[in-house]
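Working notes, structure below.
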Amino acid sequence: MNPHYHPYSELSSPHPPSPDNNNFPPLAGGHHHNGHGPFMSMEGQQGFHQINNNIGPIKHCGGCGGKIVERFFLHALDKYWHNSCLKCSCCGAMLADIGSSCYTRAGMILCKADYSRMFGMSGACSACGQTIQANELVMRTTSQLSNNQAVGNPNQNLQSQVQHQVFHPKCFACSKCAVQLMPGDRYYMLAGSLVCEQDWQKLIKNTGASTGTPPIRKGKVGRPRRSRD
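Residue numbers (full-length UniProt numbering): 1 to 229.
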């Protein structure tokens, strides 16, 4: 799921939380009472505006589903919110009290601090080591290592650990022959390095691939994705 930066309107006249509006924002796939569907279906940066006059049809909160009767309220993620209902899913802070933007990822609404702490604002290419800026196209891999092969865990029993890596598309190449892997190609992860199908077959024939770390065979290479996907 894509993480996106979503600016929203600041509340000019904040109200204290009410007992009926103390829920955290709903996760992706949830159902809302206002009929707009899950907010995580939205993509890209969203425009915002301040609403300080509650007129027109009755509006329902995207968080608690209750009616919004206050004059001042928020509009974010294509929904209307009580000030006390638009919260960070991690720390519970009311987002209007700490800034004018929010982030979404993994079905959560997050403040900037928690988004940065949990996911980072940028990363580094696993091949060249250069910084990958936010929203830059990347290739991703997921492999598994055992605890007894991980640093600091030499005596633990075998247990799968997921290792995520990102690459610039131009750096997404076989570590043996340096041929760039393209969408549709098959590859393996060997000790954190990319190995193409052809070179993996050579390794099996020459060494039996007795590395102690069975690589995970991947499916076909997909298209590059944004670094915050």
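Where is the CB? At the ideal position from N, CA and C, for every residue including glycine.
All values reported here derive from a predicted model rather than from experimental measurement.
Whole-number beta carbon distance between residue j and residue i, since they are thought to touch under 8 Å
i           : j           : result
residue 62  : residue 79  : 3 Å
residue 173 : residue 180 : 5 Å
residue 167 : residue 126 : 6 Å
residue 75  : residue 66  : About 16 Å separates the two Cβ atoms, so there is no contact after all.
Residue i - containing alpha helix (DSSP H), residue span
i           : result
residue 202 : 197-207
Cα-Cα separation, residue i to residue j
i           : j           : result
residue 103 : residue 124 : 21 Å
residue 68  : residue 138 : 42 Å
residue 189 : residue 176 : 12 Å
residue 203 : residue 186 : 15 Å
residue 86  : residue 98  : 11 Å
residue 84  : residue 194 : 47 Å
residue 170 : residue 198 : 19 Å
residue 231 : residue 82  : Within the shown structure, residues of the chain are numbered from 1 to 229, placing residue 231 beyond reach of any answer.
residue 94  : residue 140 : 33 Å
residue 201 : residue 136 : 33 Å
residue 72  : residue 55  : 11 Å
residue 114 : residue 77  : 18 Å
Buried or exposed (CB count within 10 angstroms, at least 16 for buried), residue i
i           : result
residue 165 : buried
residue 57  : exposed
residue 183 : exposed
residue 53  : exposed
residue 206 : exposed
residue 96  : buried
Boundaries (first-last residue) of the beta strand (DSSP E) holding residue i
i           : result
residue 79  : 79-81
residue 76  : 74-76
residue 102 : 101-105
residue 109 : 108-110
residue 94  : Premise fails: residue 94 is in no beta strand (DSSP E) and is neither H nor E.
residue 186 : 186-190
The region 102-113 / the region 123-130 touching (three or more Cβ pairs under 8 Å): no
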